[in-house]
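What follows is one structure encoded as structure tokens, with my remarks underneath.
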Amino acid sequence: MSITVELTYDLAKALGVRRLELEGTPTLRQVLQATRDSFGTEGATFDKLTRVTALVVNGVIASRSQDTPLQDGDRVSFLKAAAGG
Amino acid sequence: MIKGYAGRILDVDLGNRSFAFRPLDEDTARLYLGGKGYGTRLLYDLTPPGIDPLGPENPLIFATGPLNGSLAPQSNRFAVICKSPLTGGIGSGACGGSFAFGLKKAGIDILIVRNQSATPVRLEIDGDRDSVTFLDASDLWGQGARATQAALGKGRNHAVIGPAGENLVLYAGIVSDERIAGRTGVGAVMGSKHLKAVSVTGTRKLELEDPEKFNDYTKWLRKLFRAHPVLGEKLRRYGTMGIVNTTNARNILPTRNFKLGHHPDAMDVSGEYLEDHGLVGVKSSCIHCPVACGREVTVEGVGRVKGPEYETAALLGPNLEITDLRWVNEWNELADDLGMDSISLGVTLGFAMELQEKSLLQSGLTFGDATGISAMIRDIAHRRGLGNDLADGVKRMSERHGGADFAMHVKGLELSAYDPRGSYAQGVEYATTSRGGCHVQGASMYFESTGPLTIDPQSLRLKAEIPVVQQNLACAINSMVLCIFTTYGMIPKQVHELDPKSRLYRTITYFFERSGPMYRLITKLKLRPLTWFEQWLTYVTGQTFTSGHLQEIGERIFNLERMYNLREGLTGADDTLPHRMRHESTFPHLDSGHPLDQLLPTYYRIRGWDARGVPLQRTLDRLKVRT
Ligand code: SF4
């Protein structure tokens, strides 16, 4: 089972990669943990940069409190509010 | 005359080169404010049904409102109204820059340009001398918007067209400074009149009812704006392109002619990326605006120019499967200088690519390949070769070549860069907005997809209500005339700081989503001025404006636009979305697209329209809409 995690611009900048390909992470909680782990000792940076973000699976907001089951090929993104036009 | 207005309409006839100043009608100003509202009233009254949008009978109306000419932030915008050559319905555009300020300084609320000149002409309006000079513009004809404005000099404020307008590209715009009234082909109407430029000057002072309160309040508000997370931070720092990563995560970023809602490398055309790679300056492109959302970039061979907006970055970027910002910058600059709407341009290019892919047209344009695009943009502006075809927009192209199912337009106006399959309220707004598939006539997506407090964008709850309220508000904003981005400031800082994962956030959105009639009721209340624009209007005009007043005025304008469209032959059947949007899904949990059919009847009912989308007589009577 493969999940793609798309990072926000700030997260990508901090980590040096734009996305992570995670294997064997069947729930959102596990994906989050694995993403945080990839920051190594910089876990606090991850926490700070994801403080006011929502979690999105394939474009749909998911609740972090639930152990949302994921499907093979799902795309998990961090969502920040923005204004454009 | 009500304070805040100059009290004059300048009526120019290009056919016999005459002009007259007429008084602004106070009753109309009370009912329609100014800008788009007053302009639509004039268009309705001045023209018989069925005129040729590119013929002499179509007046081109430049309209300011009571806030223009003041120092209110975001208030230097004018509206342009005419019959649209692209849609056949109401044509309107709004533009920043400095022209609105110039008109008001010249003591003019509204400029009507009628008829056509036989040869290229430009106007110089001197508001202090009450003079209009008709000057030969042959030397400027063929020049880009930048060169034209440079030739006209700095002493006046200008509104000009580029070659796209001259050559009647159906999505040509009107340019002031570095801003453009892009949508619905208002530039083609100006081109049809052989009117290259309008320059205006004057030193008249705008009279305000309570200048002291206005100034104190505005001073205080500027500080508030600076501290606001959107107006003072995000828009300032990233411009509107700061939204790319949000729409991409939401799966609503047009990609491959809206086939998809997500591009893996969209980050490369985001505001954050621009800030790190290639931003050379930040400046407010509209005078007196502290938000300064304009971004400066360098384009090779041209120099420092205004960078792309979100819509442009999305539609000339991922929508074409291009994520090299240098190309997007170049094409944006070309569109601006040639004077055409980059939204319609991006959608038209994407459509031509899909036609090529499906062997319906040998356009020579391919997704993901920048080759030939710059040349094609120039060809469109000059209507050369295949460019002549693309200059008519996707609706007409689909009638010639097929591909109607993936021709991304509503009423002939190409869709903006928010895919409604992941933003249902925005879809209803696109379908019903008088000028066609446009996002700034309500910006409903802010409450469901992009803003700090969003409800489920794919439930049916509140998806008919939000567009009604937002369209009404946008009509009022475009009649003051303010920048629509001002509405982003209505959500306070504290809300922006809420974590979407928190219980409080979920509770608020839960109740908001279920607020239905209560939501509409609250926005209709006429308690006291709350927002800054209600305050400003009150201080400027001396009349009290509240949310309820603005909803009523906006609703009136919206219904008048509707009556204009119906008069010109549009019907409820035009309140639709492209086939792709309704029937193809971009979300794995859904097997269809936007549920417009389920939402439209509710929308009509809330509007006080019948099942065919025609305003009921009692609705028109209640709103005092004369037809
Ligand atoms: S926010 Fe941007 S577009 Fe709006 S008035 Fe200010 S500079 Fe112009």
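Heads up: the protein sequence lines correspond to chains A and B, in order. Quick note: the first sequence, position 12, residue 12 per our numbering, numbers continuous. Remember, our numbering sits 85 above the position in the second sequence when you count from 1. C-beta: ideal position from N, C-alpha, C; glycine also.
Worksheet entry | heavy atom of the ligand SF4 below 7 Å from T523(B) C-beta | Numbered from its first residue, the second sequence carries residue 523(B) at position 438. The residue asked about is misnamed: residue 523(B) is Cys in this sequence, not Thr. Short note on C523(B): C-beta not closer than 7 Å to any heavy atom of the ligand SF4.
Item to complete: Below 8 Å between beta carbons is the criterion; list the residues of the segment 46-64 of chain A that meet it against any residue of chain B, in chain order.
Response: Those residues of the segment 46-64 of chain A that come within reach of chain B (Cβ to Cβ, closer than 8 Å) are R51, V52, T53, A54, L55, V56, N58, G59, V60, I61, S63, R64.
Fill in: Buried or exposed by the 16-neighbour rule on C-beta atoms within 10 Å, applied to F630(B)
Residue 630(B) sits at position 545 when you count from the first residue of the second sequence. Under the 10 Å beta carbon count, F630(B) is surrounded by 16 or more other beta carbons and is classified as buried.
Worksheet entry | According to DSSP, residues forming a beta bridge with E209(B) | Locating residue 209(B) in the second sequence gives position 124, where the first residue counts as 1. For E209(B), the pairing in a beta bridge is given by DSSP as T218(B), S284(B).
Worksheet item: Should R641(B) be flagged as near chain A, meaning a C-beta pair shorter than 8 Å?
Response: Translated into positions along the second sequence, residue 641(B) becomes position 556. R641(B) does not count as touching chain A.
Item to complete: Indicate whether G212(B) and T331(B) have their beta-carbon atoms separated by less than 8 Å.
Response: For the purposes of this step, residue 212(B) is taken as the residue at position 127 of the second sequence. For the purposes of this step, residue 331(B) is taken as the residue at position 246 of the second sequence. For G212(B) and T331(B), no; Cβs fall outside 8 Å.
Worksheet item: Apart from the five residues just before and just after N200(B), which ones in its own chain have a Cβ nearer than 6 Å to its Cβ?
Response: For this step, residue 200(B) is matched to residue 115 along the second sequence. Within the same chain, Cβ atoms closer than 6 Å to the Cβ of N200(B) are found at D98, L99, G100, P141, the five residues on either side in sequence being excluded.
Discussion item. Rounded to whole angstroms, what is the Cα-Cα separation between G59(A) and T535(B)?
Written reply: Looking up residue 59(A) in the first sequence gives position 59. Looking up residue 535(B) in the second sequence gives position 450. Cα-Cα distance, rounded: 12 Å.
Worksheet item: Do you know how far the Cα of L364(B) is from the Cα of W412(B)?
Response: Here residue 412(B) refers to the residue found at position 327 when the second sequence is read from its first residue. Here residue 364(B) refers to the residue found at position 279 when the second sequence is read from its first residue. Taking the straight line from one Cα to the other gives about 14 Å.
Fill in: Q683(B), buried or exposed, once every other Cβ within 10 Å from all chains shown has been counted against 16
To locate residue 683(B), count along the second sequence from 1; it is residue 598. Q683(B) counts as exposed, since fewer than 16 other C-beta atoms from the protein chains shown sit within 10 angstroms of its C-beta.
Discussion item. So for L338(B), helix, strand or coil by DSSP?
Written reply: For the purposes of this step, residue 338(B) is taken as residue 253 along the second sequence, with counting starting at 1. Here L338(B) sits in coil by DSSP.
Worksheet item: Can you give the Cα-Cα distance for N242(B) and R289(B), rounded to whole angstroms?
Response: Along the second sequence, read from residue 1 onward, the residue named residue 242(B) stands at position 157. Along the second sequence, read from residue 1 onward, the residue named residue 289(B) stands at position 204. Taking the Cα positions, N242(B) is about 14 Å away from R289(B).
Item to complete: Mind checking the segment 292-321 of chain B against chain A and listing, in chain order, the residues whose C-beta falls within less than 7 Å of any C-beta there?
Response: So the list reads V315, K319, L320, given in the order they occur along the chain.
Worksheet item: By how many angstroms is the C-alpha of N342(B) removed from the C-alpha of L432(B)?
Response: Position 347 of the second sequence, counted from the start, is the residue given in the question as residue 432(B). Position 257 of the second sequence, counted from the start, is the residue given in the question as residue 342(B). One point to set straight first is that residue 432(B) is Val, not Leu, in the sequence displayed. The alpha-carbon atoms of V432(B) and N342(B) are separated by roughly 7 Å.
Worksheet item: Okay, do the segment 377-385 of chain B and the segment 433-443 of chain B touch, 3+ Cβ pairs below 8 Å being the bar?
Response: The segment 377-385 of chain B makes no contact with the segment 433-443 of chain B: fewer than 3 CB pairs, one atom from each, lie closer than 8 Å.
Item to complete: For L139(B), I'd like the list of residues in its chain whose CB is within less than 8 Å of its CB, leaving aside the five on either flank, ordered along the chain.
Response: For this step, residue 139(B) is matched to residue 54 along the second sequence. Residues P170, L253, A273, V274, S277 of the same chain have their beta carbon placed closer than 8 Å to that of L139(B), with the five preceding and five following residues left out of the count.
Worksheet entry | Rounded C-alpha distance that separates Y503(B) from P339(B) | Along the second sequence, one-based indexing puts residue 503(B) at 418. Along the second sequence, one-based indexing puts residue 339(B) at 254. In a straight line, the C-alpha of Y503(B) is about 7 Å away from that of P339(B).
Worksheet item: Going by DSSP, what residues sit across from D98(B) in a beta bridge?
Response: Reading the second sequence from its first residue, position 13 is the one you call residue 98(B). In DSSP, D98(B) forms a bridge with S103(B), R199(B).
Worksheet item: Interface residues of chain B around A83(A) at Cβ under 8 Å?
Response: The count along the first sequence starts at 1 and reaches residue 83(A) at position 83. Neighbours of A83(A) on chain B, chain order: V315, K319, L320, T325, G327, I328, Y531, T535, G536, F570, Y573.
Worksheet entry | Under 7 Å by beta carbon: chain A residues contacting D584(B) | Looking up residue 584(B) in the second sequence gives position 499. R51, V52, listed in chain order.
Worksheet item: Sorted by chain position, which residues of the same chain lie with C-beta nearer than 6 Å to A14(A)'s C-beta, five sequence neighbours on each side aside?
Response: Position 14 of the first sequence holds residue 14(A). Cβ neighbours of A14(A) beyond the five flanking positions: T45.
Worksheet item: Under a three-way DSSP split, which group does G501(B) fall into?
Response: Looking up residue 501(B) in the second sequence gives position 416. Just to set this straight, residue 501(B) is Ser in the shown sequence, not Gly. Coil, per DSSP.
Fill in: F672(B) (DSSP reduced to helix, strand or coil)
As a first step, residue 672(B) is located in the second sequence; it is residue number 587 there, counting from the start. In the structure shown, F672(B) sits in coil (DSSP, three-state: anything other than H, G, I, E or B).
Worksheet item: Mind listing which residues of the segment 667-684 of chain B have their C-beta closer than 8 Å to chain A's C-betas, in chain order?
Response: Within the segment 667-684 of chain B, the qualifying residues are T671, F672, P673, H674.
Worksheet item: Hey, would you say K281(B) sits closer than 8 Å to A232(B), going by beta carbons?
Response: Against the second sequence, residue 281(B) aligns to sequence position 196. Against the second sequence, residue 232(B) aligns to sequence position 147. Not in contact: K281(B) and A232(B) (Cβ atoms no closer than 8 Å).
Worksheet item: Any idea if S183(B) is buried or exposed, counting beta-carbon neighbours within 10 angstroms, 16 or more meaning buried?
Response: Counting from 1 along the second sequence, the entry for residue 183(B) is found at position 98. Residue burial annotation: S183(B) is buried, with at least 16 other C-beta atoms found within 10 angstroms of its C-beta.
Worksheet item: Is any heavy atom of the ligand SF4 found at a distance shorter than 7 Å from the C-beta of G272(B)?
Response: Here residue 272(B) refers to the residue found at position 187 of the second sequence. With a cut-off of 7 Å, the C-beta of G272(B) is classified as distant from the ligand SF4, since no heavy atom of the ligand falls inside that distance.
Item to complete: Rounded to whole angstroms, what's the CA-CA distance from P151(B) to G43(A)? Just pull it up for me.
Response: Residue mapping note: residue 151(B) aligns to position 66 of the second sequence, counting from 1. Residue mapping note: residue 43(A) aligns to position 43 of the first sequence, counting from 1. Approximately 53 Å between the Cα atoms of the pair.
Discussion item. I want to check one thing, is the minimum distance from the CB of S544(B) to the heavy atoms of the ligand SF4 below 7 Å?
Written reply: Looking up residue 544(B) in the second sequence gives position 459. Result no, Cβ not under 7 Å from the ligand SF4.
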